[in-house]
Structure formats: structure tokens, C-alpha cells
Amino acid sequence: MTAELIVPAPAGSAPAGRAGRRHKPATPWRLLPVVPAIVLLLIFLAGPVVWSFYGSFTNASLTGVNAQNPAWIGFDNYLRLFSDPVFPLSLGLTVVFVLASAIIGQNFLGLGIALLMNRAHRFVAGVVGTCVVAAWVLPEIVAAFVAYAYFSQDGTLNQLLNALGMTGPNWLYSFPMLAIVLANVWRGTAFSMMVYRAALNDVPIEITEAAMIDGAGGAKRLFLITIPMIRSSITTNLMLITLQTLSVFTLVWVMTAGGPGNQSTILPVMAFQEAFRFSDIGYGTAIATVMLLIGAVFSIVYIRALRPSKG
Amino acid sequence: MRSNVRLAVSVLAVTSMVALVGCSTAADGDGGTQTLKIVYQETDSFTALDTLFTKIKPEFEASHDGVTVELQPIQANDDDYSTKLALSQQSGETAPDVFYEDTFRLRSDIDAGYLLNLDEHVAGWDDWSQFNEGARAAGMGDDGSIYAVPLGTDTRAIWYSKPVFQAAGIAVPWQPETWDDILQAARAIQDSQAGVVPFNMYAGKGTGEGTVMQSFYELLYGTGDQLYNEDEQKWVVGSEGFKDSLGFLKTLYDEKLAVTPAEALDANVWKKVFGELFPQGKLGGTVEGSYTPSFWQEGGSYAWPEYVDDMGVAAFPTQNGDAPQGVSMSGGWTLAVGAKTENADLAFEFLTLALNRENALWYDINNSQIAVRADVASEPSYLEANPFVAAVTDLVSVTHFRPATSDYPKISAEVQAATEAVITGQLSVDDAAAAYDAAVEGIVGSDKVTD
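The listed protein sequences derive, respectively, from chains A and B.
Counting along the first sequence from 1, when you hit position 186 you're at 186 in UniProt numbering, and nothing is skipped either side.
Counting along the second sequence from 1, when you hit position 417 you're at 417 in UniProt numbering, and nothing is skipped either side.
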């Protein structure tokens, strides 16, 4: 990776070397070692996806007549979903949640901390790093309870505010989206920070120094040298945190359970409620399938964005 | 290098084999011994059933050679319990032999084929004649067959704090005649005592079925309107009573006579009611079940011996004081045998042991249930279990049951959503009622609703 970045090799030459090794025709035997992995992936990854896709076309249910004999109902679940007043709200909240907590919050905060840590004293960097990573190390359910205890009516935040002579609102009730966005930023920033620290370590000091000698200021060096050089890390990171955030459920369920009303019902919460609260498995899987498609669209966009940097 | 590859291949192969094997083998009946799987709910405030089963497990195993009773308590609230139970029913490997089931989910689960038809079994059971008619009907499916046997039943009433009422200048014992009487009493408490919640009624999705059973239906069934028209077998939409009931809750919450909406939406608000507010004299009154003393009596989760003197009980009034001058709701839980059981006879035997006279008496007293067995109901120790047994048992005469149809659980969830929208101010009463009407029509179809 480092070599590729430093030496802007003439187009085609570096990949040619790699492609050359691939030239030998792949015999079936060479696939053998990956067969177990493929089988496991098919069973545990593709299987549920296919089942979810199939389930979304049936009226399968956890209770009632349909639990015994689920029937094929075509696109009914999807038609119902697109006319459900909660769906656009939920979709919007999901987009806000992903944009605010992952793409803006975790991504920029992670990059910022990583940049600062590169300059900071080793001790300070170590302490900051540990604090940030601590939230990531916690199991999701524990992190969710910690966030709940922080934002709830008599929680840590309001007690801190009380000590300063202010009365805080019930954050989970009055500002549910703000609370879950902040909680997710808190929990997820460590991931971006670690990705960016690794990427920044690969930016050769010579180039930065050369730019400094040429008189480039801090901002210029950041935007003209550092960011272009870690571009592929940025895209990879964005893809990973987007997909992670799209599937956040425990955090929101524990903190607000999608409420009050539907004010923080992001798609995973809506799917869970429909499938397991209202026992409507078919409808729940339809929502899950839509989420899958949204994730796929995001992935395609990011993968496309990744491509040119490989040239 | 080569050996590395080999190592990697063998590691992969071994792990995948382990994973695959792990998926396919579940505990098969290990020759000769039989296992009975008993699934039930256990929470920090509901341990009576766990105690009962733990007590009878050795008895049953001693009298049945080679039989192991496997108790599988599920630690969850009512909603999560029913979800987990339904999920366990999906496979014969996990399906329970005997399980604890709420009466309002019975029909729905019978339709799903989770419950074994017990007609033949109860026919040969001597004790069956001791169960009263209502109890037998509670375990009946649409086809008239018996699928479950009730552990007990319950009613709902107003529980109020005598010290709080007296401090507000209201004479006790108190019996409101109309909804307005409740509001007046609540306002008097609000004016006289700061920091006391005057009169709480559950609302929102957090308290689940509690929102409808211990709040909304007491209102709705006192307006003359109903949720479901039994004669036409249709769901009632667009009723004035539905809006009035939502309006009453809105008044309670808007005037801050109840807990804050944020607290109301917390699924644990009822624990606060029993564990903190009433014992500390911070709550005037609320609507709760006849099982209320079980929390406060000795050994209960919020033991508070003074409840005997401090608490009063009153029937919930009808809207304008019309006959029958009281409203209550009844439900209750049952024991059922799983349809996928391999030992139906054994499972039913376990059920009869759990529900025999001695065990039913113990359970009804310790869980403050209204007895459904005639021999238990006449037992002095049952009648003297707490000072409120007579009062809450009287409410059976004005009680209502939830519509026993398989659509009911979904419709109940819509009612809960409507109350949440109203108390949080997200929808007006009219809009929330209209949204409910639309949702009901979506669930049951337009031919199953009536004005």
C-alpha cells in the first residue's frame, strides 16, 4: 500500500505485475481450501438473506392462522409498506441517523482525533486513545445501558447540569434523535479513529516535510497532501461505518425503543416491532429487505468511489 | 509455506465441520429417560410460579421414574415473553411441553397450532368439575374445545392512598361515581400536596397490555361503547366513547395529574408505582389489578406491611354514573400443553399437579389471584389472604373480558399507540382516533369493522 502511494507508477505497470501472477489457469483444486468458507458463508450469510427475501412475499406470522400456513401474497407487504405513514418517517430518521452519527460524527471526529494524536505527546495520545476505544470495547448492550444512564431524566448528564445550576430536559424523551446520534458517535468514533491513525502512519513524512519547505501551511498540507493520500482509507471507512450504523439496533432499542411515539423509530427498530411485537414476520422481513437494498446502494456508491484510486 | 497452507486448510475444515455439526445436533432424547420442558415467565416481581414449579418438580420426578422435569423460566416482560415463547414454538426441538400463556393470546396461538387439544384429557380429570364456568370458557378455542386451564383470574380497580386523600380533605372510604369525581379528587390532591402524583393511569406502548387493561378499557367500557361488537363479530370504529376515553387520558396528562408522559412511556413505570410512589405516599391513586397486594405482602417484591391500612380500593366508575356503576376488566394466565410435545399424557399430568387444590390455593394466595376453583374459593385461608379479597372478587359482577379473537393482540397494540400519541401531544384526540380506525381497518379488513 505504501509503495503504491509513494511511487506514482506509470499507468498499468504495477497492476500488470500482479495480474501476471494470476495468469496461471485456476484449477478446481486451488478452490478446495476456500470451499468450507464458502459453504459457511452460503449457510449463514446467503441463507438468511434468501429466507428474508422469500419471507417478505408471504404473510408469515408468529401467531394466528398465518403462523401455521403462511401464504404467498406477492408484493402486498411492499405495497403496504410504501403506504404506511410510519415508513417515510422511519426512512428519513434512518438517513438522518446515518448522516449525522456516522458520516459526519464518527468520520470527522475520528479523523480529527487521529490528526491531533499524531502531533500530541505520546502520553496524551495514549490516554485519549484509551478513552475513545473504551466505548468501542464495550459490548453493545452495555454501551447502550451506559448511554441510557447518561441521558435519562436523572442521568449523569442532568446531574452534571444540576451541579452547574441548570435543569436539563429528559433527553431521551424531548430530543430522542439527538441522544441516539450522540450515543452512536460516542460508541463508534473509535473505529474511524483507528482506521485513520493507521492510514496517517502510512503517509511518508518526507512528502509532508517537502511541502513544508515549499511553504505549504497546515490547512494546505491537510487538504493537498494528507487527505488525497488517505483517500482510499476514507472511502473504506465510510463504507464500513455506514453499514455498521444502518444495522444499529440495540443502542436505540435500549435508549428509546423507537419512541416517544415514532420519533426515533429507525428502520431496524421498525422491522423488529413489526416482526416481533406485532408478530408480523412477513411485513418485518419486507422492511429488512428494504434495509438490505439501502445498504447495497451505499456499498455500490462507495465501491465506485474507491475504484479510481487504484489506478 | 506449504505446511502453512495445509494447516490453514485443516483448521478451516475442522472449524467448519464443528460449526456444521453444532447446528445439526441438539439434545436428542437420551434413551430411556424422558424430559418434560416447562416454559414460563419469571421477573423480579413475579416469582410465584417459579417457586411453585421448583417445589413440585422433585415431587413429580419422584412419582415418575425416568422422567426429568426441565424448568425453563424466561426472564422478560409480558411482550418479550410472548415473543420468545412464540419463537420457541417454531421447532420441535425447542417447543415446550407445558407452558404459561396469557388468556388474550390463547385464540391466536390456538390458530397457530401451538396448543394441544385437551378435551380428552380434561374429560378424565376429576378436578375439572371444580373449575367455574368462566374459567373453563377462558381456556376454550373458537371450536369449543379446551386448550388451556386457568391458574386464576383477576379484576381491576382503583387503588388509592388513604393518607394522601385525607390530606386533600377527601373523605375515605372513597367511591367516585363519575369520571368527573376522579378529576375533582385529583385536582384537590394537586392543590393540597406538591410533589404528589394525584391520579395515575397508564398510557403508551411502554406498559404494553397494562395500558389497555389497567387504564383505557376501564374508560372505554364505561362509556357505553365497546371495542368489539360480539353480536356482529365486528370491531367498532369511530365511536364517541373511544374519543372520550382518549380525551380523559389527555386531561390527566395535560393537567399533570398523572406522571409525566416521559415517565409513562417507561416500561418500568409500574414498578415505580408499586415500589416507590404508593409506599412513600407520593401517589393519590391509580387503576391496577386485584393482584396488587402480591407486591406488598410479606415476601413480595416491594414488601410494605402498612398497605393493609394505608390503601383503599374502589370500583372504577362509568363515565356519567350510569348503571352498573362500575367497570372492571378481567384476564388471567393459563397453563397449556404444547402441540409438539412427545409426551402429551405426562405433560398433562404435570399440569394437573400444578393446578391441584393444594397448589392452586398456594398460588392464588401468594400471587393474589382470584380463585377459579370452587374448593379454593371457599377456603378460609384464601378469603383471609389480604383485606381486599372480598372487594376485588365482587368486581367480577361488573367485569369485562377482552375480545377473544386472534386479531386482538394487534388491535391492542394500536390502542396503545393511540394513547401514546395523545398524551405526548403528537396527535389530537380526533386524529389519534382516526389513525386507530384506519389501522384497525387495515388489520381486519373493511368488512370486519362497524360504526
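Backbone N, C-alpha and C fix where the C-beta goes; we use that ideal spot for every residue, glycine too.
Can you tell which of B:40, B:282 and B:388 has the C-alpha that lies nearest to the C-alpha of residue 194 of chain B? B:282
Contact set between residue 426 of chain B and chain A, taken where Cβ atoms lie within less than 7 Å: 261
Against residue 410 of chain B, what residues of chain A qualify as contacts under a CB-to-CB distance less than 7 Å, listed in chain order? 278
What residues in the region 56 to 84 of chain A have a beta carbon less than 7 Å from any beta carbon of chain C? The structure shown contains no chain C; the protein chains it does contain are A and B.
Residue 331 of chain B and residue 104 of chain B closer than 8 Å at C-beta: yes
Since residue 189 of chain A and residue 109 of chain A are thought to touch, with beta carbons under 8 Å apart, how far apart are those beta carbons, to the nearest angstrom? 5 Å
Quick test of the definition: if touching needs 3 or more C-beta pairs under 8 Å, does the region 357 to 367 of chain B touch the region 62 to 69 of chain B? no
How many Å lie between residue 185 of chain B and residue 343 of chain B at the Cα? 56 Å
Tell me, please, whether the CB atom of residue 54 of chain A is closer than 8 Å to any CB atom in chain B? no
Assigned exposure category for residue 54 of chain B - 16 Cβ within 10 Å defines buried: exposed
Here's the rule I'm using: 16 or more other beta-carbon atoms within 10 Å means buried, otherwise exposed. How should residue 165 of chain A be labelled? exposed
Residues that residue 170 of chain A contacts on chain B, provided the C-beta gap is smaller than 9 Å: 260, 262 and 263
Are any of the Cβ atoms in chain B nearer than 8 Å to that of residue 323 of chain A? Nothing about residue 323 of chain A can be read from this structure; chain A reaches only from 1 to 311.
Measure the CB-CB distance between residue 77 of chain B and residue 267 of chain B and report whether it falls below 8 Å. yes
Among B:346, B:316, B:382 and B:352, nearest to residue 529 of chain B - alpha-carbon criterion: What the structure shows of chain B is the stretch from 1 to 451, and residue 529 of chain B is not part of that stretch, so it cannot be assessed.
Own chain residues within Cβ distance below 8 Å of residue 250 of chain B, not counting five before or after: 422, 423 and 429
Examine chain B for any beta-carbon lying closer than 8 Å to the beta-carbon of residue 162 of chain A, and answer yes or no. no
Along the region 104 to 116 of chain B, where does the CB come closer than 9 Å to a CB of chain A? Name the residues. 105, 107, 108, 109, 111, 112, 113 and 114
Using the beta-carbon count (16 or more within 10 Å), is residue 402 of chain B buried or exposed? buried
Would you kindly report the start and end of the unbroken beta strand (DSSP E) that includes residue 311 of chain B? 311 to 314
Since residue 92 of chain B contacts residue 340 of chain B with CB under 8 Å, what's their CB separation in whole angstroms? 5 Å
Please specify which runs of the alpha helix (DSSP H), each continuous and at least 4 residues long, are wholly inside the region 47 to 100 of chain B, giving them in chain order. 48 to 63 and 78 to 88
Who does residue 283 of chain B pair with in a DSSP beta bridge? B:197
Considering only C-alpha positions, which residue in the set B:350, B:289, B:99 and B:243 is nearest to residue 319 of chain B? B:243
The beta strand (DSSP E) with residue 363 of chain B in it runs from where to where? Careful: residue 363 of chain B lies outside any beta strand (DSSP E), inside the alpha helix (DSSP H) at 357 to 366.
Let me check understanding here. Comparing Cα to Cα, which of A:182, A:158, A:196 and A:76 lies closest to residue 96 of chain A? A:182
Would you give the residue range spanned by the beta strand (DSSP E) that residue 213 of chain B belongs to? Per DSSP, residue 213 of chain B belongs to no beta strand (DSSP E) and is neither H nor E.
Please tell me whether residue 157 of chain B and residue 378 of chain B are closer than 8 Å, where the distance is taken between their beta carbons. no
Complete runs of the alpha helix (DSSP H) confined to the region 108 to 148 of chain B [at least 4 residues]: 119 to 123 and 133 to 138
In DSSP terms, what residue 229 of chain B is bridged to: B:234
According to DSSP, which residues form a beta bridge with residue 399 of chain B? B:328
Name the DSSP beta bridge partners of residue 259 of chain B, please? Paired residues: none, contrary to the question.
Taking 8 Å as the CB-CB limit, is residue 283 of chain A close to chain B? no
Which class does residue 159 of chain B belong to by DSSP, given the choice of helix, strand or coil? strand
Given a threshold of 16 other Cβ atoms within 10 Å of its Cβ, counted over all protein chains shown, does residue 272 of chain A qualify as buried or as exposed? buried
Check the Cβ of residue 501 of chain B against every Cβ in chain A and list those closer than 9 Å, keeping chain order. The question about residue 501 of chain B has no answer here: the residues shown for chain B are numbered 1 through 451.
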